[in-house]
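In the UniProt record's numbering, the protein residues as written are 1 to 569. Input: a single structure, listed below in structure tokens.
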Amino acid sequence: NPQQLISDLKAQAQKSTEYQQLIQLFENQIITQASQINQMLTYGHYLYKNEYQEPLSKSRNSQDIQSQDQQNEKNLCKSQIILQQQQKLNQQQETIEKLTQTIENVTQQNENLREKIKVSTEQNEKQIKKILDKDDLISKYQQKLQKNEDALKKNAQSIIQLKEQNEKILKQIEDITIDRNNLLERLLQEKQIFVEKINILNKMNEDLEIQKKQLDSDILYFNTQKQDFQNQLQKQGRSLSSIFPQQTQEEKNSQNNDAQGQFQPFKMLKTLPKHHKYEVYQISQTLNGQLMASCGGDNQIKIYDPLSLNNFTTIQASDTSQIFTSVAFAPLNDLIMVGSSDKSVQIYNYHTGKLKVQLQGHCDRVNSVQFTSEKDKVSTGSSDRLLKIWDISKGSCLKTINCGSNVRYIDYFQSEPHIITGHNDGSIRLYSTNLQNNKPFYNIQGIFEGGITCCRLSNCHNYIACSSADGFQIKIVDLRKLKVFKQFEHQFYFNNHEFNKCCFGSNDKVVLAGGSDGQIFMWDVNSGVNKGVFKNVNHQGVIVALDFHNVTGYLYSGDSRGNIVIWNS
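Right under this line is the structure:
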């Protein structure tokens, strides 16, 4: 610290000055004493010469000798005193020499201190100059800080204004959200009322169908009576115009019209009433379309031959409490795979009905199973949020992907090692079946607010048809643009069943979906226009499963009461 060093130097200089004053006092005292001693020595020599030596040489009598001896004794005492004074003087001279040496040392130290003080002073001047420069800089910085403070005050005022505006906007958003929630609640209530009305209409429709069958029976009886009556008239030689004229071709075609007066795009080929005891969850077909398999809530897999219109085989679950939730045919061999509510996956030979392999590893219900483009690899998705890839030749799991959301549906690319998955968070993802990568290539989020129940890949692999638990819309996702391409609605369409399935129609030109009232809706993929609504009287309740085959042109529909209808395009 320069200030402290200067203080120390000043203190040492003060002490040096005091030492010099003290030494000067000692020197003065010594000089005085030396002068007195010299005077005494001079006086002693004088006495010795005049009073001792000279009288001794002249005459010495006894009295003079005695007085002279006394005088000599006095002179001797004085000489001793002078010697003592001389010794003291020598000691004082030694002290003076020591003090002089000390003074010289102190003087040297003072010179060193002066040099240090000079250096320190120069440094202090430099530091003072730097401090002054820094003061200038500080003044400039203070000016800048003042400007910044002014700017900050202005910004703070702007921020306060923006905050007030944001609060107003948030209040408006909150009000809009409340209105939206109220509207959604009203919409859901109206939808619920609409569903209840549809259920009432379905019940009325069932009653009408029963009445229609009764009426058909009555018409048949009446026609029989009419024929008998006409025969009696002929026997009598009389004629009667036909009371019930023959049905025209136009009237026959009108029977195929739906509620909107549009001609049905599919004709009913075969009805399989109560094909399952309970609801049908999924329908699948072989690659060539020669076999159709269905699974439902009655722990059975039923395989049907649509060419001969006969049942092919039935596979029964070993556990009566087990429910098959998903079914898929292998593309290249005679295997069929099913997912189960008991967290397991079974693969059977559908010719022999024997179990080939059972896959264990999921922690919750298996929602979807699917083969892949690779011969021995299969994929399974579950409510435990896991997607698993298996090697069925070894019965082992190759990799497990934690998707973070329930896996509801899986479809695969026929020529690539990729699969698409639909999830409970309303997203669709594309994964590779290769072992190296567990992250999705694409993650298309926010397609639906509710969970996706089905995501079917088109034959051209460019589009995905999606249905959801929201139940009001069917959406088409363009995989090339990774966004929703089309969305379809209808005033009578609603289906919020958790296994609700949709599918593409002929050459991916149309998309088909079943409603909760037993009707099937069809939309044009490119224009989004509804192309038709059709229904079979044997469909009762919700249409849960749909599947179309491009080779055979057959459309299969299964409802919540176990009925399956085969349609021909």
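Glycine included, each C-beta is placed from N, C-alpha and C at the ideal position.
Cβ-based neighbour list, residue i, same chain, cut-off 8 Å, excluding 5 preceding and 5 following
i: I274; result: According to the sequence displayed, residue 274 carries Lys and not Ile. So the qualifying residues of the chain are R561, G562, N563.
i: L482; result: Y442, I444
i: V484; result: I447, K475, I476, V477, D478
i: F472; result: K191, E489, Y493, F494
Three-state secondary structure assigned by DSSP to residue i
i: T42; result: helix
i: residue 590; result: Since the first residue shown for the chain is 1 and the last is 569, residue 590 is missing from the structure and cannot be characterised.
i: T100; result: helix
i: V537; result: coil
i: L188; result: helix
i: S321; result: coil
i: residue 570; result: Nothing can be reported for residue 570: it is not among the residues displayed for the chain, which extend from 1 to 569.
i: L387; result: strand
i: C503; result: strand
i: C77; result: helix
i: F488; result: strand
i: V525; result: coil
i: D258; result: For D258, the predicted structure reports a pLDDT of 39, less than 50, and the residue's modelled location is therefore unreliable. A value from the coordinates is still provided. Residue state, collapsed to three classes: coil.
i: K130; result: helix
i: Y304; result: strand
i: V357; result: strand
i: L183; result: helix
i: D136; result: helix
i: T313; result: strand
i: K277; result: coil
i: N299; result: coil
i: V542; result: coil
i: S217; result: helix
Rounded separation between residue i and residue j - CA only
i: Q285; j: I193; result: 37 Å
i: I428; j: I447; result: 8 Å
i: N253; j: V357; result: Legend: pLDDT at N253 = 42, less than 50; position of this residue unreliable, no value from coordinates given.
i: L287; j: P331; result: 6 Å
i: K302; j: R186; result: 42 Å
i: K399; j: C502; result: 29 Å
i: D305; j: Y350; result: 12 Å
i: L269; j: K509; result: 22 Å
i: residue 570; j: G289; result: Any question about residue 570 goes unanswered here, given that the chain covers just 1 to 569.
i: Q33; j: E104; result: 24 Å
i: M337; j: D319; result: 17 Å
i: G426; j: N155; result: 42 Å
i: I176; j: N367; result: 37 Å
i: Q340; j: L272; result: It is Ser, not Gln, that sits at residue 340 in the sequence shown. C-alpha separation (whole angstroms): 24 Å.
i: L555; j: E209; result: 24 Å
i: K171; j: L152; result: 27 Å
Close Cβ partners of residue i (< 7 Å) along its chain, the five nearest in sequence each way excluded
i: L387; result: S379, G381, I401, C403, V407, T421, Y431
i: D298; result: H276, K277, Y278
i: G558; result: V280, I283, S294, V544, A545, I564
i: G518; result: N202, K535, H539, Q540, G541, I543, D559
i: L188; result: none
i: Q161; result: none
Opposing strand residues paired with residue i [DSSP bridges]
i: L547; result: According to the sequence shown, residue 547 is Asp rather than Leu. According to DSSP, D547 bridges with Y556.
i: R429; result: T421, N443
i: K154; result: K154 is not bridged to any residue.
i: I31; result: Paired residues: none, contrary to the question.
i: F371; result: V378
i: K147; result: Answer is none; K147 lacks a bridge partner.
i: R456; result: A465
i: G404; result: G404 pairs with nothing; no bridge assigned.
i: N231; result: None, per the DSSP bridge assignment.
i: I564; result: L272, G558
i: C363; result: Beta-bridge pairing links C363 to no other residue.
i: A293; result: S284, I303
i: A11; result: None; A11 has no bridge partner.
i: D478; result: Y463, K483
6 Å Cβ shell around residue i - same chain, five flanking residues per side excluded
i: G450; result: S468, A469, D470
i: G505; result: L512, F548
i: Q360; result: S344
i: N493; result: Checking the sequence, you will find Tyr at residue 493 rather than Asn. For Y493, where only same-chain residues beyond five positions count, the Cβ hits under 6 Å are G515, F521.
i: D391; result: D376, L398
i: F244; result: For F244, the predicted model reports a pLDDT of 35, less than 50, meaning its position is unreliable; a value from the coordinates is still stated below. No residues qualify anywhere along the chain.
Any non-hydrogen atom of the ligand ATP within 7 Å of residue i CB
i: F413; result: Absence of the ligand ATP from the depicted structure is noted, as is the absence of any ligand whatsoever, leaving it without description.
The stretch 454-463 in contact with the stretch 430-443 per 3-pair CB rule at 8 Å: Three or more beta-carbon pairs separated by less than 8 Å are not found between the stretch 454-463 and the stretch 430-443, which leaves the two stretches without contact.
Quick one: any contact between the stretch 304-312 and the stretch 324-343, if contact means 3 or more CB pairs under 8 Å? Touching, no, given that fewer than three Cβ pairs across the two stretches are closer than 8 Å.
Does the structure place the stretch 525-532 close enough to the stretch 540-557 that three or more beta carbon pairs sit under 8 Å? The stretch 540-557 is not in contact with the stretch 525-532.
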